[in-house]
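Only one structure is covered here, and it is reproduced in the block below.
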Ligand SMILES: [Zn+2]
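In our numbering, the protein residues as written are 311 to 444.
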């Protein structure tokens, strides 16, 4: 298999509900997402995919939907006050863990038609989560 990986940097805030640790408080991350695309053959340009196409499709979505937003569980009591203040939120049906954010970006990449094999999201330089089709 051929494989290319595009790195996307973004910032987000979140907190974890029903969690016994400091992450129950609102806080933010400078995240790095790696989108790995795999194919068995190369295209006419001898590429798996143009890096710019991944950037346009996935980074465009991440910039619009996640970057500099609070990612919260839909029933988090913070949702309504933040919306009332006009602050941007992105809602998930689960706790907004880095695992779920990796899955979200994987699903969005697949829905954009990319032959995505793996999405890894680094929450900190030492902690990351991966969702893959393996
Ligand atoms: Zn966190």
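Where is the CB? At the ideal position from N, CA and C, for every residue including glycine.
Residue i, DSSP secondary structure in three states
i, result
"residue 404", "coil"
"residue 367", "helix"
"residue 429", "strand"
"residue 358", "coil"
"residue 329", "coil"
Identified DSSP bridge partners for residue i
i, result
"residue 351", "According to DSSP, which records beta bridges pairwise, residue 351 is partnered with nothing at all."
"residue 390", "DSSP lists no partner for residue 390."
"residue 382", "401"
"residue 317", "344"
"residue 412", "Paired residues: none, contrary to the question."
"residue 338", "323"
"residue 440", "430"
6 Å CB neighbourhood of residue i in its chain, flanking five on each side removed
i, result
"residue 367", "422"
"residue 441", "412, 413, 416, 429"
Closest Cα partner of residue i within the set the options
i, options, result
"residue 434", "393, 337, 328", "337"
"residue 340", "408, 420, 425", "408"
"residue 343", "410, 361, 318, 363", "318"
"residue 323", "329, 315, 333", "333"
"residue 385", "311, 312, 327", "327"
"residue 388", "312, 443, 444, 335", "335"
"residue 345", "358, 383, 396, 395", "358"
"residue 351", "370, 419, 311, 371", "311"
"residue 402", "444, 369, 443, 380", "380"
"residue 425", "349, 394, 331", "349"
Cutoff 7 Å; reference residue i; Cβ partners in own chain excluding five residues on either side
i, result
"residue 376", "320, 322, 400"
"residue 364", "316, 345, 347, 424"
Own chain partners of residue i with C-beta closer than 8 Å, once the 5 adjacent residues on each side are dropped
i, result
"residue 373", "320"
"residue 361", "314, 316"
"residue 439", "407, 408, 409, 411, 412, 430, 431, 433"
"residue 329", "405"
"residue 437", "408"
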